[in-house]
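Just so we're aligned: 626 in the numbering used here is position 626 of the sequence shown, and the numbers increase by one with no gaps anywhere.
What follows is one structure encoded as structure tokens, with my remarks underneath.
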Amino acid sequence: MTPHEFIARWSNSRLKERSAAQSHFNDLCRLLDEPTPTEADPEGNDYAFEFGATKTTGGRGFADVFKRGHFGLEYKGTHANLDTAFAQLQRYAVALDNPPLLIVSDIGSMIRIHTNWTNSVSKTYEIAIADLENSEKRQWLKAAFKDPDLLRPRKTRQELTEEVAGEFAELAGSLRSRGHKAEQVAHFINRLVFCMFAEDVKLLPGNLFTRMIERALEEPNAFEEFARALFVAMKGGGRVGFEKVAWFNGGLFNDDLVFAMTKDELKIVHRAAVQYWGDIDPSILGTLFERGLDPDKRSQLGAHYTDRDKIMLIINPVIVEPLTAEWEAAKAEIQGLVLKAQEAETSAKAAGGRSASSLLGRATTARNDAQAVLDRYLQRLADYRILDPACGSGNFLYLALRALKDLEHRAQVEAEALGLPRRFPQIGPEVVKGIEINPYAAELARVSVWIGEIQWMLRNGFAASDNPILKPLETIECRDALLGAEGEEARWPDADAIIGNPPFLGGKRIISLLGESYTQALRKAFDGRLPGFTDLVAFWFERARAALVSDQAQRVGLVATNSISGGSNRAVLDRIAKDCSIYEAWSDEPWTSDGAAVHVALICFTKKSNSLAQIRLNGRNVDVIHADLTADDFDLTRAQRLPQNNGVCFEGGQKHGPFEISGKAAREWLLAPVNPNGRKNADVVRRFLNAADVVRRPSDAWVINFGDMTEHDAALYELPFLHVMQHVRPMRADSKLSSHQQYWWRHHRTRPELRKAMQGLSRFIVTPVVAKHRLFVWLAPAFWPTNLVDAIAREDDTSFGILHSRFHELWSLRMGTSLEDRPRYTPTTTFETFPFPEGLTPDIPAADYAENPRAIAIAAAAARLNGLRENWLNPADLVRREPEVVPGYPDRILPVDEKAAVVLKKRTLTNLYNERPAWLEHAHKALDEAVAGAYGWPADLSDDDILARLFALNQERAAIGA
């Protein structure tokens, strides 16, 4: 069929929709040289007229035409209201598996193609019947049949959000530069954004906001008056000029705060206003809020929505999947009852008389029972409550509400297909609850949820609620989620599901950021349940566990840094694994938090009494998930600290102040005359070592360390003490820690136990706490390691070799915590749980190894490994060794010339282990064979076999020690 023929036949046709729709579509297929549904899919499974029609529904389907993965199409009569047809198609899109295109057409004048991709901005293609001779417009239709992706808008919702957020960052900076308070700037900008959204979804009439900005561009001084009148009208409903403004309420417009704006600032707002805001991601409110607070936070952009799919990794197993399973069971029951009713009705037709009446009564009862099953499920959804106890600007709540509304919608559509009447959606924002300590963020959470609600209603073909449009959401509370007013553990509202992304803050940073009094109150409230230096996020996990145990909730899904599965943090997962069931987890997922890329764990757990359809770890089915977020047959979380390993491995010191000095100053002090106490400064001036010094080239850094001296004793070392008085004391005066003020000359952690363990040693072993490769090196006693270095008080090559073997490396990777993609080494969970070979444990003096052939073999291999590495790091032809200015300190290793310095700069342990040359591989292989021999095990064991054997040995030793 030619375009001319199609136009001649159908233009302004007076045929009725029902009688002409299929003929119209078949002609459209011929025009586009496409097979008809009957030709392409005789069974009608994926391409059909009246798709979804059954005898139950009386012949009408969810769409007049449906092609799976392509489109749903709804017809109306010539010049009918296609907006009504589109709304009808939207309401049934879920039953059509949400096709990428929703097409509406009247018989004789217009075809309209609406895009329906979830994360793309909306676009509409309009094709008048009279314009079908236009080849480009025919290609739009051809794409709908063959390749819908050709019609996909290339701009995603995220990209749209990024564009406008970038504009508003400039506006926020401009307003802040004039002295306006950060919180008020954020609040004001979010009002502007919401007005743009309301205008584009027709909640504000006649482009009212855009016209207001355009008028203000002509007269910038009038903007305050215009905007204040609009905000007041939106607060309670009213008029702006001749335009009637609906009642919005909801808290966002509770005051009439307006800032005067320059013409350039108004131009920014106008450029944003002409965008289509109906598709904007609600999370832009949180982004703009943070930009308003700090315009320089450019990295924040994306923090609120790049992890949308990751959020669903929690919402799906915690909310969607259990409720979907409940619906499948309810639907099966409904199907059985409807079938029973149909059979009774069929029998009644044949029976007649009183028998027919009885059968029809049974049919009515069966249908009523089916309706009751549906009503119970819908009420279950309406009563369902979701809590985010750290809700921020509301992203988890917004997505959870959308998921719950999707469940209700699907149940209604599928029940309608079975012959039950459909009702207006009942679920609204009242089903979500939140706790947020920042009042502006709590306000944004409420507005984000309402924007999400409005978008869902419109996207699915329903009108948004009104009177007011933004109903107050008292269920989102502004308060502390962990502590009550009297310092007691805060109570959370009851909920079916607890979800969220609690704040990430390391246990050692809580005091510095939250204050000593708050930290003490927090630890007191959770005393006996969490170790003292647990990360802040673990307190939310413990509170959620308590909610499950006390029947305040049924399921939990929370985000944590991936370090929660090890170290002191794992105590909370140990409690959860004991009292609850971890049934879904992702142990190491990339995430964006505060604009920075981090790695997180996503953990879902439930009451042990709840049945579980499946248990999944990192997307695969497993039998069990242990507290360390593994699923091995052996549970390494049960590994215990061994008495043989106590008092050997320690964290380095923590300074908390500018105690460092240059090499030049250190050497001058070392050469200075003796102090009034008759002692040299060498007592308190040490070489300083951090993790970077281990894995790169060592720096010439030094540190003043008075240990646990009294102020009187420290003052006797004149030059070092004067330096600390001038540089450390002023900083400590402003510290939130009372100990910093009282003992201002001391390091924050003086580590007396480490100093005692190192007495008399000619050298000791260190390893970086966090590193890409698990490396161990020797240090002289003149060095003082920082807290990011663990020190092991052993001087024998045998211990060094065991620690640097494959056996200990595997154990440390699994037993340590993790930070992003770098494993963390901990004295307690990593070193003290590791079972050394029998007879070679750390409690045995090195002198006892002298006659032990296993110890001798390991020592020889370890010494060779270390010697080869040292030769590579510091080749004899590239370095010179210069004795330090006083005895007792290691020689300085210096390049012989500038060319040597360039080469040496690249000679680091990190680079060496990245390259892992053959000689290094051979040296490690020889060491691993020697250590395997010490255990009496084959050298070619698999990683899992090694871990299983080490775990068994740990359990055996722990049982003996007990």
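Beta carbons: idealized from backbone N, C-alpha and C, even for Gly.
All of these numbers come straight from a predicted model, not from anything done at the bench.
Beta-bridge partners assigned by DSSP to Val-879: Pro-895.
Residue Gly-69 holds the alpha-carbon nearest to the alpha-carbon of Ala-93 among Val-232, Asp-106, Gly-69 and Ile-315. When the five nearest sequence neighbours on each side are left out, the beta carbons in the same chain lying within less than 6 Å of the beta carbon of Val-703 are those of Phe-659, Glu-660, Arg-686, Phe-688 and Trp-784, in order along the chain. DSSP places Arg-68 in the coil class of the three-state scheme, outside both helix and strand.
Burial state of Phe-706 is buried, judged by a 10 Å Cβ sphere holding 16 or more other Cβ atoms. The C-beta separation of Ala-390 from Gly-500 comes to about 5 Å, placing the pair in contact by the 8 Å criterion. If you draw a straight line from the Cα of Val-624 to the Cα of Ile-576, it comes to about 13 Å.
The shortest C-alpha to C-alpha distance from Asp-944 to any of Ala-464, Asp-633, Trp-277 and Leu-470 is the one to Asp-633.
Ile-603 is the residue among Ile-603, Met-731, Asp-579 and Phe-526 whose C-alpha sits nearest the C-alpha of Ser-563.
Listed as beta-bridge partners of Gln-654 by DSSP are Arg-749. In this structure, DSSP gives Trp-811 a helical state, which the three-state scheme calls helix. Under DSSP, Ile-499 takes part in a beta bridge, and its partners are Gly-557. When only Cα atoms are considered, Glu-882 and Val-903 end up about 19 Å apart.
According to DSSP, Gly-434 shares a beta bridge with Asp-388 and Ile-476.
Pairing Val-431 with Lys-405, the inter-Cα distance amounts to about 10 Å. Distance from the CA of Thr-156 to the CA of Ser-120, rounded to the nearest whole angstrom, comes to 4 Å.
Arg-14 is the residue among Arg-14, Pro-890, Gly-663 and Gly-657 whose C-alpha sits nearest the C-alpha of Asp-106. A distance of 8 Å or more separates the beta carbons of Ala-481 and Gln-554. Met-110: member of the beta strand (DSSP E) spanning 110-115, first to last residue. The DSSP assignment places complete alpha helix (DSSP H) segments of no fewer than 4 residues inside the region 328-384 at 353-383, in order along the chain. Burial is judged here by how many other beta carbons sit within 10 angstroms of a residue's own beta carbon; Met-731 has fewer than 16 and is exposed.
The region 720-734 and the region 742-753 touch, with three or more beta-carbon pairs separated by less than 8 Å.
For Gly-236, no beta strand (DSSP E) run applies; the uninterrupted alpha helix (DSSP H) run containing it begins and ends at 223-236, by DSSP.
Short of 8 Å from the beta carbon of Pro-439, and not among the five residues preceding or following it, lie these beta carbons of its own chain, in chain order: Cys-478. Look at Tyr-583 here: in three-state DSSP terms it is strand. Taking C-alpha positions only, Asp-928 is separated from Leu-920 by approximately 12 Å. Under DSSP, Tyr-47 shares a beta bridge with Lys-67. Under the three-state reduction of DSSP, Pro-322 is assigned to helix.
Nearest Cα to Phe-188 within the set Leu-171, Glu-584 and Lys-202: Leu-171. DSSP, read as helix, strand or coil, puts His-599 in strand. Glu-326 and Tyr-377 have their C-alpha atoms some 8 Å from each other.
Separation of the CB atoms of Arg-543 and Trp-492 is rounded to 7 Å, and the pair is thereby assigned contact status at 8 Å. Between Leu-775 and Phe-764, the beta carbon gap of about 15 Å keeps them out of contact (Cβ cut-off 8 Å). In this model, Leu-813 and Pro-835 are separated by some 15 Å (Cα to Cα). In the DSSP assignment, Asn-621 falls within the beta strand (DSSP E) that extends over 620-622. At the C-beta level, Ser-448 and Tyr-398 come within 8 Å of one another.
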